[in-house]
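Student:
Protein chains in written order, with the numbering used here: chain D, 1 to 314; chain E, 315 to 532; chain C, 533 to 1019.
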């Protein structure tokens, strides 16, 4: 459990996350389709979409600046870099100073910011509206994430995710204190907000009233749009990986060698699958909240996280 | 079962109780609030059973059983029945907005932790987190009673408050004498009955919720 | 002998309450009512003599000492007077249609159940039993408050039950904390018993007792009508039927005060007398100050009397807060005096309301012309409530003042005197307008019924008696009760 993670392993984990991200989205879409009693697209459909977009040309509005072309690349870079910080197959600190959970949240916040700036840059109504809504949600989501991270970090004494997961150890369920329940509840409340799913946002529609994230993507096309979509898939799997590293570090390998890696990868896949199923179930069971109700919904997460922190500290 | 494990389990149950309390405060539909208070009573019954096995006190078994049957099953069922009679579904905006209520709830929780930390050595000897959690739930139940305009939600707040007191009693003193606990539950049942009667009476004479009446002034 | 009395006393009103359900005839119901109250009164007098001779008596979880005896005597006196008054009041109410004949038996049953729960509250030695009985009083009186069945009554009953139940929850929490502190010291055996706790009180953890006392103060204080938890009181006491209002104002809020006194003695022994005294002073002053402006602007006579109750409860708490033998004696005496005077006031108001068909004071005018005896009694009660000599409340208020001066609480005294002067003027204005002047044509002009008058006269005699002197036996009870509180 407490091996060091060499550079090669970190890079491998990062690439694994990027590659598996669209698969998770595909699984969620398939589950939702099955729950709606229809066949739906295949699990690999998101890959086809991204490859198709890479082959197309770009159409750019006249009102955009040169910065607009950089935005998709920067967003993808930030999200993938965040992916490097999540322990996937093995727990333990990386062999060189990489960054901790706060860095991860900061990178995700940077990606969100850049997306919004790109949307505003185009000067369209949809972009502006999507950006303003996304930025309204952001100040409610990010502090809560930080509080959850802090509440788990107080026990381990560090915010570095690998060390945190190693500290949790194999006896994770027995070691769950009351604060962990509340922190996990807060994370469950926040997951739809971070991944852009019901009940906060509807990823399937492109109606102006129901878009948060999608609204900001409207001006992008071709490879740029492919980068943005890949970034949102990666963001989703990174968030799920964060939840599993904080709360369910079981399965992270302590056996060296290929066997350990395979075990770790299998454990990770299982956990992500379970969380993705939960997301799909929530998406199929609830309706999207009115935008003005979203702060109250996130307020529940805020209170849970605050109480988790209070229970730890006081 | 070692006292360490018992302590941990009681603390964990306390955190879950806080979670159900948050759900009650943030509930927008009365049926959600009723489900949350039923879950809360169930958790209290579990806590009672845990303590009973740990201390060997048979009174606690009785209390756990009575709490489970009455406060987790019968009373929520009665409340659901009243909801169906009155055909009330959505919650109206409370006296202070939801976000302010949640903020106040956070302040109450922090304050009760602070309060029990100031008690010093006696508290350390008694329990870990259970006393502040108990105080919080009692006060938050009162907050719900005081800030909501629907009669049924006020009753839910009353049950939650009683749950908080029970939890404090169980965790701090390993239960009050059996007669007292039975008496308290009986009183709560009677109070709930009388309140139900009043609610239905007002509904039949005036088509308004009883908690909305505010003619008497000055 | 005393032991049997102890368990017979709560039994008498309970059995009566069940008996009431067997018949529908109004006259039989009233006869049972008066008979039972007389029996209760007689038994209490016997018990009082026992306690005077042999000291406090215990029977399991109930116990009678001189402190409880003061409240018990007040309760049975008021119950007897209310029973006598109800005979005539009920006849008139049934004629007018305020009370339905078929529901009379449930009314009487509830009233006696209410009295039974109050008896248990006063006699309870076990703090948990005290709580249970207090909640029992809430439940029975809530039904009685909404008894007339119209919208205002139900609103008042709902506010009452919600606020007092919130309050009593706090009280239960404080009880649990005190129990926790006691269990630490004594183990589980008898840790709920007030008399047992008092023996070990100096060794209790002061931190827990402090928090517990504050919770109890807020909780039982809400039941007693202390500001700022008083919002239910004017509504509840005005909307209830008049005999119920009398019991509520006269004795129920005093039972809550008894609970506070019990916890005060524990807290004074555990944390030193300064802490509970400060808390009591704050609540007492707030109540007196808050009640005064509302008294001035009132138009509903029963609401006016409700606010007066808040003010006088504040005075009692002030007396307890000033402390010392004089303050406590004055406070306990004030409990009795206010109960009796408020009863006369409510009785007179009830007959006036019945006569004029309205509670509005602007309509009730010229009472002296149409009902001279009632009007005189109303004026007597009002003057007494305002604190005029030679009536009983003057004596007790003077004792509270002396205690305050003796403890050098100048600011509290100044505020109290200012409020008392304002209230005196306001009350005189209201009652003077009601008693003198021309009666409106709609006022009933029939002769005054004898039974309400009889009830009022008995109590009025007590007012004058206590204003002039206190009989030695009662004085002895009060002195011993003071000793229990002061320690």
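Backbone N, C-alpha and C define an ideal beta-carbon position, used for all residues, glycine too.
1. Which one or two residues does DSSP pair with residue 284(D) in a beta bridge?
2. In terms of DSSP beta bridges, what is residue 832(C) paired with?
3. According to DSSP, is residue 17(D) part of a helix, a strand, or is it coil?
4. Do residue 183(D) and residue 151(D) have their C-beta atoms closer together than 8 angstroms?
5. What does residue 594(C) pair with, by DSSP beta-bridge criteria?
6. Taking all protein chains shown into account, decide if residue 134(D) is buried (16 or more other Cβ within 10 angstroms of its Cβ) or exposed.
7. Hey, quick one: how far does the alpha helix (DSSP H) through residue 573(C) stretch, first residue to last?
8. Could you tell me which of 483(E), 426(E), 509(E), 430(E) sits nearest to residue 359(E), measuring between CA atoms?
9. Does any residue of chain C have a CB that is nearer than 8 angstroms to the CB of residue 498(E)?
10. Could you name the residues of the region 330-350 of chain E whose beta carbon sits closer than 7 angstroms to any beta carbon of chain D, in the order they occur along the chain?
11. So, under 8 angstroms CB-CB, residue 242(D) and residue 104(D) are touching, yes? Tell me the CB distance rounded to an integer number of Å.
12. Would you say residue 458(E) and residue 467(E) are within 8 angstroms of each other, going by their C-beta atoms?
13. Does DSSP classify residue 343(E) as helix, strand or coil?
14. Quick one, which residues of the region 409-432 of chain E are near chain D if we go by CB-CB under 7 angstroms, in chain order?
15. Could you list which residues in chain C have their beta carbon closer than 9 angstroms to that of residue 482(E), in chain order?
16. For a contact defined as C-beta to C-beta under 9 angstroms, what are the partners of residue 328(E) on chain D?
17. Could you compute how far the alpha carbon of residue 1(D) sits from the alpha carbon of residue 216(D)?
18. Scan the region 878-932 of chain C and note each continuous beta strand (DSSP E) run of 3 residues or more that stays entirely inside, going in chain order.
19. Which whole-angstrom value is the C-beta distance of residue 999(C) and residue 921(C), which I expect to be below 8 angstroms?
20. Should residue 238(D) be labelled buried (16 or more other beta-carbon atoms within 10 Å of its own) or exposed?
21. Can the beta-carbon of residue 611(C) be found closer than 8 angstroms to that of residue 569(C)?
22. With a threshold of 16 other CB atoms inside 10 Å of the CB of residue 395(E), please say whether the residue is buried or exposed.
23. Can you confirm whether residue 460(E), when its beta carbon is compared against all beta carbons of chain C, has any partner nearer than 8 angstroms?
24. Output yes if chain D places a C-beta closer than 8 angstroms to the C-beta of residue 477(E); else output no.
25. Just to confirm, is the Cβ distance from residue 584(C) to residue 868(C) under 8 angstroms?
26. Do the CB positions of residue 876(C) and residue 992(C) come within less than 8 angstroms of each other?
27. Considering only their Cβ atoms, is the gap separating residue 866(C) from residue 810(C) smaller than 8 angstroms?
28. What residues of chain E sit near residue 185(D), judged by a beta carbon separation below 8 angstroms?
29. Give the interface partners of residue 443(E) over in chain D, defined as CB-CB distance under 7 angstroms, in chain order.
30. Taking DSSP as the reference, what is the three-state secondary structure of residue 221(D)?
31. Closer than 8 angstroms, Cβ to any Cβ of chain E: which residues of the region 652-684 of chain C, in chain order?
32. With which residues is residue 725(C) paired in a DSSP beta bridge?
33. Using CA atoms only, rank isn't needed, just tell me which of 760(C), 705(C), 964(C) is closest to residue 822(C).
34. By the 10 Å Cβ neighbour count, where 16 or more other Cβ atoms means buried, how is residue 697(C) classified, buried or exposed?
35. Assuming residue 300(D) and residue 189(D) are in contact, meaning their beta carbons sit under 8 angstroms apart, how far apart are those beta carbons, in whole angstroms?
36. Would you say residue 199(D) lies against chain E (beta-carbon separation less than 8 angstroms)?
Tutor: Short version:
1. DSSP lists no partner for residue 284(D).
2. 892(C)
3. helix
4. yes
5. 591(C), 656(C)
6. buried
7. 558-586
8. 483(E)
9. yes
10. 330, 332, 333, 336, 340
11. 7 angstroms
12. yes
13. strand
14. 412, 413, 416, 419, 420, 423, 424, 427, 431
15. 705, 708, 709, 712
16. 178, 311
17. Model confidence at residue 1(D) stands at a pLDDT of 40, short of 50, so the residue's coordinates are unreliable; what they give is reported in the following sentence. Roughly 41 angstroms between the two C-alpha positions.
18. none
19. 7 angstroms
20. buried
21. yes
22. exposed
23. yes
24. no
25. no
26. yes
27. no
28. 333
29. 178, 311
30. coil
31. 658, 660, 661, 663, 664, 667, 668, 670, 671, 674, 675, 678, 681, 682, 683, 684
32. 658(C)
33. 760(C)
34. buried
35. 6 angstroms
36. no
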